[in-house]
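Participant: Heads up: the sequence shown is residues 960 to 1189, going by the working numbering. In this text, a Cβ means the ideal position worked out from N, Cα and C, and glycines have one as well.
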Amino acid sequence: MDRKKIVIAIDGHSSCGKSTLAKSLARNLGYTYIDSGAMYRAVTLFALRNGWITDGRPDKDKIISALSEIKINFKWDGINEKNVTFLNGEDVEEEIRRLEVSQNVSPVSTIPEVRHEMVKQQRENGKRKGIVMDGRDIGTVVFPDAELKIFMTASPEIRARRRFMELTEKGDTVDFKEILQNVNERDTIDSERKTSPLKKADDAIELDNSFLTREEQLSWTLNKVKEIIG
Ligand code: DC
């Protein structure tokens, strides 16, 4: 008999390991993984390329009127074991992770019309069940009925250190202080914005992973899944 498939929502602050956990969960359960942050990053990249963001201020009208031209999808790269983000058919996975995009994505993601369009696309993906989606508002707005909701957190310093290592390993020259500042700034914007601020859903389970290994986080979460699907 086929096991019941569920929707797993993983929310939390930036760089706290949501995508690492979400990907390993999806692989373990044979589910689809959707990185909702990558969608906001792709919209931001589109706006940057068009010169629609000046000194951190996005030109909302231009972005809103272009929303119908922005098509985002994902493909699983089985060889490198990673999810690849496509913007209008172009592989933008590397580019959307760069600091310039990180520094401009929060203001873009506060635009209600952008959120509305992304949430619509995210819900389409959830119809089939058997998905793990990570982001900021997945358990509160996108899938309020998700069977399992996890709210992840870790201290800002630990999160900045992880992002620093990630970028350094890729060969980027980055400054730790600048990254920590970016982590703190994004926390503030993400938590204080009017539309869908980052907050723990009432029925979400909190997972502080400051001192947990990846394996510990995975087995903790798989136990929660087993309690639901049996
Ligand atoms: O998870 P991430 O750092 O790649 O997300 C990039 C930005 O997108 C983050 O600053 C907040 C925004 N975001 C959001 O507003 N809602 C989501 N569901 C996911 C991300």
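(1) Using a Cβ-Cβ cutoff of less than 8 Å, which residues in the same chain neighbour Gln1080 once the five nearest sequence positions on both sides are dropped?
(2) Quick check: the Cα distance between Arg1008 and Met1124, rounded to an integer number of angstroms?
(3) Output yes or no for whether 8 Å exceeds the beta carbon distance between Pro955 and Pro1071.
(4) Give the DSSP bridge partners of Arg1016, in chain order.
(5) Excluding five sequence neighbours on each side, which residues of the same chain lie with their C-beta closer than 6 Å to the C-beta of Ile969?
(6) Quick one: measure Cβ to Cβ for Thr1112 and Glu1165, integer angstroms, because I've assumed they're closer than 8 Å.
(7) My parser needs the alpha helix (DSSP H) runs of 4 or more residues fully inside the segment 995-1054; what are they?
(8) Among all the DSSP beta bridges, which residues are the ones paired with Asp1093?
(9) Grab the span of the beta strand (DSSP E) containing Ile1109 for me, first residue to last.
(10) According to DSSP, is Ile1164 part of a helix, a strand, or is it coil?
(11) Please indicate yes or no: does the CB of Asp1104 lie closer than 7 Å to some heavy atom of the ligand DC?
(12) Compute the Euclidean distance between the alpha carbons of Arg1120 and Ala1160, then round it to the nearest angstrom.
(13) Please determine whether the Cβ atom of Gly996 lies at a distance below 7 Å from any heavy atom of the ligand DC.
(14) When you measure from the CB of Ile1097 to every non-hydrogen atom of the ligand DC, does any distance come out below 7 Å?
Facilitator: On the basis of the data shown:
(1) Met998, Ile1031
(2) 27 Å
(3) Only positions 960 to 1189 of the chain appear in this structure, which leaves residue 955 out of reach.
(4) Thr1013
(5) Lys977, Ala981, Asp1093, Ile1109
(6) 7 Å
(7) 995-1008, 1019-1025
(8) Ile969, Asp994
(9) 1107-1112
(10) strand
(11) no
(12) 27 Å
(13) yes
(14) yes
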